[in-house]
Amino acid sequence: MSQMLLENVTAGNVLVAVGVCLAGSSILNAWRKPRYPSSLPRVGRDDKSILSGLKGFMHVGGWLQDGYEKYNKADKAFVLPGVLGTQAEVIVPMSQMQWLVEQPDNVLSTSAAHYDALNGDYSFLTPRLLEHPYHEHVVHRNLARNLNALIPALDDEVRRCMDDAFGTDTENWTSVNVWDTLLAIVPRITNRMMVGELLCRNNEYLDNMVGFTNDVVRNMILFNFIPRPLRPVFGPVLALANYYHYSKTAKHTLPLVKQRMVDLERKDAGDPAYDDWEAPNDYITWHIRQATADGLAEELDPVRVTMRLVPLNFAAIHTTVMTAHGTLLDLISADPARGYLDGIREEAARVLADEGGVWNKNALAKMYRADSAVRESMRVSNFAKILVQRKVVAREGVANPSEGWHVPYGGTISLPLHGNGHDGENFEHPEEYDAFRNSRGREEFEARGVAERDPDEGLKLKRQSLVTTGNTHISFGHGRHACPGRFFVAHELKMILAYLVLNYDVKPLPERPATKWIGLNTIPATDARIEVKRRTNAFTASS
Ligand code: HEM
């Protein structure tokens, strides 16, 4: 039987099977799509053929831009068609952002949009994890308030893993693949915050956590080709790799979580053996403390805690790696005459000298140039074309007060990240990477005497920081569901950048390795390489 099956696996048969799946997917997609009002203008394909749907994958970015120029800039929403397995969405103008993000969660839901986009039915071990994203609540409540205390640990981890990844050879140039290097650095630093010092350096744990996030991304692509009625059959098969990778991480996290629960209980009970013990400042402690305070027995199951680490790593790893990758390539391929790397080097050395040579909240807050370089890269080298997706979960749908249209239950509404970030009315020379675009004004303001500083102007300039989301900066979302990890990311990326420029010379790249687009998402230039050499007068950040 299996012999017969194998004999039938020819290129032709595979193509036919893929074609049938695509056709089925497109037909079912058309049938189940939410009916958007006819008063909303449409962009993109004007016929419903499968071929047009397939070609749409290549053209959807252009359609989105057309809609942005024609409708969003005139304060109007429009419908962007779905391509392949994705669903059509309503793209609202930035003037409606406040309305969008202020809708209650039982009308427009962030988590339901994430659940659909990430295939929450299958890709995250149990649907419960994304149906009730308790890990997000824990992060919202705990990360920012514990961040300052985490800085010395992050600094320590940055130094260690940057030395490991970039080497310490002061004689020869070393060529490194930027993507792979960041994948060796970022998960480790991020997990120092999530699971602490010992586990964050465990390669088996890290490799499998990264493996899991890759599984989710791969499934996001593959599910597009599987018609919805067939997903209960194929979904569990696609999720096998996710279970495998999770179980390899749980091998390490489960004993840690169980031990932490015992330690916290004994400490709280006043056990004298724990007089000198301090609870580690990491996600595991925050989760146990938060779930205890919230009285949620379900979230105190040690297995559940280990599972929560998985979507959290998913939210943190690729987003940060893509942002760091974009920023490094933008900086290194900019004209050296613009002095970006030297400028950040000068800033980092000056700020660290002022603060006694160690990173702390004040020192990091003064890294205006590094802060600006990252924010500007998120604008010009955006990793998605639309963002801030919300799903209509109110049975009666949602009505828009500005234009009067109504979107039914199941519809999706988003913001035009790319159009807004590349709009000449928002940014002078919008296609140019101007690393210090957001820091020049701040530096100039700081250089004035105190009497000459207008506090309102100071406040306005502060809004140009990486973590301040708003009309012209939505890369972290906006409103109450804006990324709660962004304060952590700002610290992490500034420390990485500072360590790199203080301790390494980097050869400029003649041109920016190209980013490709697949539908509305980027495929970063994962083969890009840079050459680095350890500086003989290296300035170890916390030495
Ligand atoms: C450069 C890196 C990152 C980027 C670009 C990024 C971007 C985003 C965006 C766009 C959203 C969705 C906002 C919305 O739909 O309105 C989001 C949500 C979220 N991010 Fe991040 N993120 C990054 C890093 C992190 C890190 C390191 C963590 C964890 C420590 C994290 C945790 C979360 C969580 C928990 C949410 C869900 C918030 C909610 O729905 O209330 N992110 N992020």
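Residue numbers (my numbering): 41 to 583.
We put the CB at the ideal spot given by N, CA and C, even for glycine.
For clarity, every value in this text was computed on a predicted model and none was experimentally measured.
For Leu-270, three-class secondary structure by DSSP: Looking at Leu-270 - three-state DSSP - the assignment turns out to be helix.
Residues that Tyr-544 bridges to, as DSSP identifies them: For Tyr-544, DSSP records a beta bridge to Arg-574.
Same chain, Cβ closer than 7 Å to Ala-434, five either side skipped, listed in chain order: Once the five neighbours on either side are set aside, the close Cβ partners of Ala-434 are Asn-146, Val-147, Tyr-449.
Local Cβ density within 10 Å of Gly-451, reported as buried at 16 or more and exposed below that: By the 10 Å Cβ count, Gly-451 comes out buried.
Gly-366 at chain D interface by Cβ criterion, 7 Å: Absent from the structure is chain D; it holds one protein chain and no more.
Cys-240 CB to nearest heavy atom of the ligand HEM below 6 Å: No - the ligand HEM has no heavy atom lying nearer than 6 Å to the Cβ of Cys-240.
Alpha-carbon to alpha-carbon, Met-249 and Asp-241: What sits at residue 241 in the sequence shown is Arg, not Asp. Going from the Cα of Arg-241 to the Cα of Met-249 covers about 12 Å.
The alpha helix (DSSP H) enclosing Ile-131, as first and last residue numbers: Per DSSP, Ile-131 is not a residue of any alpha helix (DSSP H); the beta strand (DSSP E) it occupies stretches across 129-131.
heavy atom of the ligand HEM below 6 Å from Val-179 C-beta: Of the heavy atoms belonging to the ligand HEM, at least one sits nearer than 6 Å to the Cβ of Val-179.
Within the segment 389-459, ranges of the alpha helix (DSSP H) (whole runs, at least 4 residues): Taken in chain order, the complete alpha helix (DSSP H) segments of 4 residues or longer contained in the segment 389-459 are 401-405, 408-420.
heavy atom of the ligand HEM below 6 Å from Val-428 C-beta: Yes, Cβ of Val-428 sits closer than 6 Å to a heavy atom of the ligand HEM.
Ala-568 in three-state terms, based on DSSP: Here DSSP, grouped into helix, strand and coil, assigns Ala-568 to coil.
Touch test, the segment 453-462 against the segment 425-433, Cβ-Cβ under 8 Å, three pairs minimum: Yes, the segment 453-462 touches the segment 425-433.
Alpha-carbon to alpha-carbon, Phe-274 and Leu-352: Going from the Cα of Leu-352 to the Cα of Phe-274 covers about 25 Å.
Beta-carbon spacing of Ile-191, Asn-400 below 7 Å: Against a cut-off of 7 Å, the Cβ pair of Asn-400 and Ile-191 comes out as a contact.
For Trp-326, the three-state DSSP class (helix, strand or coil): In the three-state scheme derived from DSSP, where H, G and I count as helix and E and B as strand, Trp-326 is classed as helix.
heavy atom of the ligand HEM below 6 Å from Phe-354 C-beta: The answer is no for Phe-354.
Check: Cys-523 C-beta below 6 Å from any heavy atom of the ligand HEM: Cys-523 Cβ: within cutoff of the ligand HEM.
Which listed residue (Glu-532, Lys-500, Ala-388, Asp-545) has its alpha carbon closest to that of Tyr-408: Closest option to Tyr-408, Cα to Cα, is Ala-388.
Helix, strand or coil at Arg-480 according to DSSP, with G and I counted as helix: Helix.
Beta-carbon proximity list for Arg-520, same chain, < 8 Å, skipping 5 on both sides: Leaving aside the five residues that flank Arg-520 on each side, the residues in its chain whose CB is nearer than 8 Å to its CB run, in chain order, Val-141.
Whole-angstrom distance between Ile-229 and Arg-480, CA atom to CA atom: Cα to Cα, Arg-480 sits roughly 30 Å from Ile-229.
For Ala-522 and Phe-516, believed in contact at Cβ under 8 Å, the rounded distance: Taking C-beta atoms under 8 Å as the contact rule, Phe-516 and Ala-522 qualify, at a distance of about 5 Å.
Cβ-based burial, Pro-564 [other Cβ within 10 Å; buried from 16]: With 16 or more other Cβ atoms inside 10 Å of its own Cβ, Pro-564 counts as buried.
Nearest-angstrom Cα separation, counted from Trp-557 out to Arg-185: Our two residues, Arg-185 and Trp-557, have alpha carbons roughly 37 Å apart in a direct line.
Close beta carbons around Glu-532, own chain, < 8 Å, minus the five adjacent residues each side: Excluding residues up to 5 positions away in sequence, Leu-194, Val-198, Val-226, Ile-229, Thr-230, Thr-360 lie with their Cβ nearer than 8 Å to the Cβ of Glu-532 in the same chain.
Backbone CA spacing between Ala-581 and Ala-538 [nearest angstrom]: For Ala-581, the predicted structure reports a pLDDT of 42, less than 50, and the residue's modelled location is therefore unreliable. The matter cannot be settled from this model.
When Asn-466, Val-398, Gly-160 are compared against Asp-196, the one with the closest alpha-carbon: The residue with the shortest Cα to Cα distance from Asp-196 is Val-398.
Chain-order list of residues whose beta-carbon lies under 8 Å from that of Gly-101 (same chain, five-residue window excluded): The answer, listed in chain order, is Lys-425, His-458, Trp-557, Gly-559, Leu-560.
Burial state of Gly-461 (16 or more Cβ within 10 Å): Gly-461 comes out buried.
Nearest residue (CA-CA) to Pro-548, options Asp-411, Asp-494, Phe-476, Ala-374: The shortest C-alpha separation from Pro-548 is found at Ala-374.
Environment of Arg-488 [buried if 16+ CB atoms lie within 10 Å]: Only exposed fits Arg-488, as fewer than 16 other CB atoms lie within 10 angstroms of its CB.
Continuous beta strand (DSSP E) stretch holding Leu-194: start and end: Boundaries around Leu-194 are those of the alpha helix (DSSP H), 174-206, since no beta strand (DSSP E) includes it.
Cα-Cα separation, Thr-208 to Lys-573: In this model, Thr-208 and Lys-573 are separated by some 8 Å (Cα to Cα).
Contact the segment 158-175 vs the segment 207-222: 3+ CB pairs below 8 Å: No, the segment 158-175 does not touch the segment 207-222.
Residues near Asn-478 by beta carbon distance below 6 Å, same chain, minus five either side: Closer than 6 Å at the Cβ level, and outside the excluded window around Asn-478, lie Ser-412, Arg-415, Gln-504.
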